[in-house]
Every structure is written in structure tokens, then in C-alpha cells.
């Protein structure tokens with residue numbers, strides 16, 4: 006969903022400014038950097054001026070603050086991008102992990118409680134991604150990236166991995182993706198260690 010607003014400030018030296026949105030519910034000023042204009046040469050051909058009408062896609066930075074991407078000046082046509090293909094690797098990995106955990110629990114005589122915990126956290130995390138994308142598009146209180154990573158670390162990563170691909174949210178940010186996959190590795194390592202060392206007996210997750 007495209008949003009529209011007026012440029013209310015612009016620092017030519019630093020190459021950024023703020024937009025006062027006119028089409029979002031929140032009405033909060035939106036940060037824009039010169040690199041966020043869709044055309045790489047847009048700011049070279051035309052220096053942004055106060056009161057310029059700008060159309061943009063609402064997004065957020067790594068701190069959850071509203072920012073503009075794919076911005077165009079009034080009258081410019083939006084260059085349509087090729088739709089991104091869904092990465093099936095993440096989805097297959099999430100489903101394979103849950104399947105392996107289920108069959109291991111049955112084979113080793115471990116309670117399925119752990120499987121249900123993973124499924125529950127995954128569903129909740131998936132919904133969190135959906136809610137955060139909705140807020141990113143329509144304005145409103147965003148879920149911080151640290152919160153999304155925390156739920157992934159504690160077992161919701163299968164849902165997060167599926168959400169990133171199916172609803173195309175947080176699937177392009179390299180920094181976010183790097184931290185996310187670190188949480189996946191840590192979680193898998195932790196659960197494998199707990200299963201192999203028999204620690205689940207101590208925390209009541211075995212028959």
C-alpha cells in the first residue's frame with residue numbers, strides 16, 4: 006500500500022529529512038533518506054524541497070521507527086519490481102525440524118509437550134509477523150525486531166521462517182536475517198543438547 010505526504014524538512018548535507026504523512030492513520034512524521042528514493046539518480050536530478058509531495062511505501066528501520074522506501078516525487082511513475090519468489094528452503098527447514106522433533110519424541114518416549122510448545126510459539130510468532138506487517142503498511146505501534154528475535158530464539162523460529170516467506174515480511178533486511186538465523190542455530194543447538202543430555206527429565210518434559 007502506497008502512502009503520500011509532504012516533505013517538511015530536508016538536510017541536504019546529510020541527505021535525509023522527514024515527511025508529514027497525509028494518508029496514514031498515525032500521522033507521525035516519517036524518516037526518509039536520499040537512498041530511499043526509488044530512482045538512484047532522483048536526488049541528483051532534483052534536490053528535494055520543503056513541501057514536495059512524495060509518494061512512498063511505509064516501512065521501519067531496525068529500531069522500529071517509521072521510514073519511507075521506494076519513494077517517488079509527485080508525478081513520477083512507480084517502477085514496478087519483479088515479485089520476489091518464495092524461498093522454499095526456510096519453509097522446508099521449519100517443517101522438517103518440527104517433523105524430526107515429533108518422530109524423535111515418539112521414538113525416545115519423550116512427552117509431546119515440547120512439540121506442542123514449538124507449534125504454539127510458532128503460530129504466535131507467525132501472527133506477530135502478520136500484525137507487524139499490517140502496522141507497517143497502515144501505521145501504528147510496531148513490534149520491535151528484538152521482540153521478534155526473542156520469540157524465535159525461544160522456539161517460535163519455525164513460524165517466523167514461514168511468515169518471512171509467505172507474507173513477505175522481514176525477508177529482505179540483511180541485518181535482521183543474519184540475527185534471525187543466529188537465533189535459529191542457537192535454538193537448535195540448545196534443544197539438541199537438552200535432548201542428548203537427558204535434561205528434559207529434570208524439567209518434566211519426559212514420560
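Residue numbers (the working numbering): 6 to 212.
Don't be surprised by glycine CBs; every beta carbon is placed ideally from N, CA and C.
If we require 4 or more residues per run, which alpha helix (DSSP H) segments fall completely within the stretch 135–209?
150–156, 162–171, 179–202, 204–207
Spatial neighbours of residue 107 within its chain, please: CB distance less than 6 angstroms, with the 5 preceding and 5 following residues excluded, ordered by chain position.
120
If I follow the unbroken beta strand (DSSP E) through residue 93, where does it start and stop?
Per DSSP, residue 93 belongs to no beta strand (DSSP E); it is in the alpha helix (DSSP H), 93–113.
Using the beta-carbon count (16 or more within 10 Å), is residue 54 buried or exposed?
exposed
Which residue marks the beginning of the beta strand (DSSP E) containing residue 26, and which one marks its end?
21–26
Three CB pairs or more closer than 8 angstroms across the stretch 165–183 and the stretch 120–135
yes
Measure the beta-carbon distance from residue 63 to residue 76 and round it to whole angstroms, keeping in mind my assumption that it falls under 8 angstroms.
So it is not a contact: roughly 10 angstroms between Cβ atoms.
Could you pull out every residue in the same chain whose Cβ sits closer than 6 angstroms to the Cβ of residue 189, ignoring the five residues on either side in sequence?
162
Is it right to say residue 42 is buried, meaning 16 or more other beta carbons lie within 10 angstroms of its own, or is it exposed?
buried
Does residue 10 come out as helix, strand or coil in the three-state DSSP assignment?
strand
Output the boundary residues of the beta strand (DSSP E) element that contains residue 75.
71–78
Flag this pair as yes or no: are the beta carbons of residue 11 and residue 28 separated by less than 8 angstroms?
no
When DSSP labels each residue in this structure, what does residue 46 get in the three-state scheme?
Residue placement at residue 46 is poorly supported in this model, since its pLDDT is 48, which falls under 50; the coordinates still yield a value, given next. If DSSP states are grouped into helix, strand and coil, residue 46 belongs with coil.
Measuring CA to CA, which of 153, 93, 35 is closest to residue 59?
35
Kindly give me the distance between the Cβ atoms of residue 159 and residue 126, rounded to whole angstroms, as I take these residues to be in contact under 8 angstroms.
6 angstroms
Given residue 191, which residues of its chain have a CB within under 8 angstroms of its CB, disregarding the five upstream and five downstream residues?
158
Distance, Cα to Cα, residue 146 vs residue 26?
16 angstroms
Could you tell me which residues DSSP puts in a beta bridge with residue 58?
11
Going by DSSP in three states, residue 63 sits in which element: helix, strand or coil?
strand
So, is residue 123 buried or exposed, given that buried needs 16 or more other C-beta atoms within 10 angstroms?
buried
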